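Comments concern the structure below.
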Amino acid sequence: MNDAACHDRDVHALLGFYVIGKLDDDERRAVDRHLSDCSVCRAARDEIGPVVPALRLLGRSDVRDLVAEFGVPTMGEVRTAPAPDVPAPPPVAGSPAVVDRPVVADGPDAGRPPRRSERGGAPPGRPAATKRRWRRWQLSVGGLVVVVLAGAVATIVAQWPEQAAPQPAGITASGDSSAGVTIEIEIDAQIIRVTLDGLRSGLPYELYAVTGDGGTFRVAELTGASGAQEVEGELPVPADTVAFFSVRQADGAVVVTAEVGGAAPTDPPR
C-alpha cells in the first residue's frame, strides 16, 4: 500500500483503542493485519505510548474540546457506525457493460462542462468539513498520534468519576487572656465547636468571628459557667475568611481572642 499517507479511516479510529487494549479480538486482528502492511500506522503506534500518560492528565472538558476540534469518534460511536459501502464487483468478461452516458443538451448550455453538483460532490454523510478535518489529521505523524488517541482517551475519561471539589481541612484556633480565660475552637466545614474556661459564672457573653477585612459577625450567645463549657454553632461566613474569634461581654469588652493560622488580628470594635 502507499505508505506516504494512510487513508484507512476505520483503522485510524481504532488505533488509539488498540494501543490501550480496548478492542475485542476481531477488531485487534483487523488492526494487526493493517499494521503488517502500513508503515505510517506502525510509526504512529510506536509514538502513541509516551503520549498516553499526558492525555490522561486532561480533564473532561479538555478531552471534549480535543474531540470536537478533530471530529474523532469515541468507542461507542466507532462500534455503532454504519459499515462502509462495498464496491460493486467488476463486470464479467464478455458481458456488455452498461454505461450511463451524459445527456447532451441543446441550446446555450450545449457543450459546457457539467456543474459540480452534476459531477457529484462528497459522498452522502461525509460533508466537506469532515474531509478537511481528516486531511488536517494526516498532515503529520505528531498530529496523528494526538488525534488517534483523542477518541480513546475520551472513552476512558468518560468512565472516570468526577473529582469532588477539595474540602478545606479542619480549622483550629486557641487563645488565652491575662485574666485566665482560655478558648479552643474546632471548625468542621461551617460548624464551629468552642471550649471555654474561666468565664465568670452567670454573666452573658457573645462569640464573634472577625474576617480578614475587619468584618465582625456574631456566632453564638452564651452564659458563663464555672469550669469548662462547650458551645456549638454555625459560622455565618466561609471558614477560610475568618482571621480570629473573640468572646465579648455584653458591653462589648473583649475577654479573649483566638487567632486562626497565626494571623495578627485587627483591634476589634468596642
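Okay, so the sequence shown: first residue is 870 according to the numbering used here, each after it adds one. Ideal placement from N, C-alpha and C gives every residue a C-beta, glycine not left out. Owing to the predicted nature of the structure, the values given are computational and were not obtained by experimental measurement.
Could you spell out where the alpha helix (DSSP H) holding residue i opens and where it closes?
i: Leu-904; result: 894-904
Kindly indicate which three-state DSSP category residue i falls into: helix, strand or coil?
i: Ser-1043; result: strand
i: Asp-879; result: helix
i: Leu-1091; result: strand
i: Arg-914; result: helix
i: Leu-1065; result: strand
i: Gly-885; result: helix
In the DSSP assignment, find the unbroken beta strand (DSSP E) run with residue i in it and report its ends.
i: Pro-1115; result: The sequence shown places Ser at residue 1115, not Pro. Taken as a continuous stretch (DSSP letters only), the beta strand (DSSP E) holding Ser-1115 covers 1111-1118.
i: Leu-1076; result: 1073-1080
As a quick exercise: from the options, pick the residue whose alpha carbon is nearest that of residue i.
i: Ile-1142; options: Val-888, Val-880, Thr-1041 and Thr-1051; result: With the chain running from 870 to 1139 in the structure shown, residue 1142 is simply not present.
i: Ser-1095; options: Ala-1112, Arg-911, Phe-1086 and Arg-1069; result: Arg-1069
i: Gly-1049; options: Glu-1099, Leu-1065 and Glu-1055; result: Leu-1065
i: Ala-1097; options: Glu-1053, Ala-1089, Ser-1115 and Gly-1083; result: Glu-1053
i: Val-1123; options: Pro-1073, Asp-915 and Ala-1108; result: Pro-1073
i: Gly-1084; options: Val-880, Cys-875 and Thr-1110; result: Thr-1110
i: Cys-910; options: Leu-883, Ala-1089, Leu-1104 and Gln-1118; result: Leu-883
i: Leu-1076; options: Asp-894, Gln-1118, Ala-1112 and Ala-1058; result: Gln-1118
i: Val-1063; options: Ala-912, Leu-1091 and Asp-915; result: Leu-1091
i: Gly-1081; options: Val-880, Val-900, Phe-1113 and Leu-892; result: Phe-1113
i: Ser-1046; options: Ile-1056, Gly-1067 and Glu-1055; result: Gly-1067
i: Ala-899; options: Ala-913, Asp-879 and Arg-914; result: Asp-879
For residue i, count neighbouring Cβ atoms within 10 angstroms of its own Cβ and tell me buried if that reaches 16, exposed if not.
i: Val-955; result: Unreliable placement is indicated for Val-955, whose pLDDT of 44 sits below 50; the coordinate value is still reported in the next sentence. Per the 10 Å Cβ criterion, exposed.
i: Arg-902; result: exposed
i: Thr-1126; result: buried
i: Ser-1115; result: buried
i: Gly-1121; result: exposed
i: Gly-885; result: buried
i: Arg-1087; result: exposed
i: Ala-1078; result: buried
i: Ala-1058; result: exposed
i: Pro-996; result: In this predicted model, Pro-996 has a pLDDT of only 46, less than 50, meaning its place in the structure is not dependable; the value taken from the coordinates is given anyway. The residue is exposed, with fewer than 16 neighbouring Cβ atoms inside 10 Å.
Taking the DSSP output, what are the residues bridged to residue i?
i: Gly-1102; result: Ile-1061
i: Ala-1127; result: Phe-1114
i: Phe-1086; result: Ala-1078
Report yes if the C-beta of residue i is less than 8 Å from at least one heavy atom of the ligand SAM; otherwise report no.
i: Phe-1113; result: Among the ligands in the structure shown, none appear at all, so the ligand SAM cannot be discussed.
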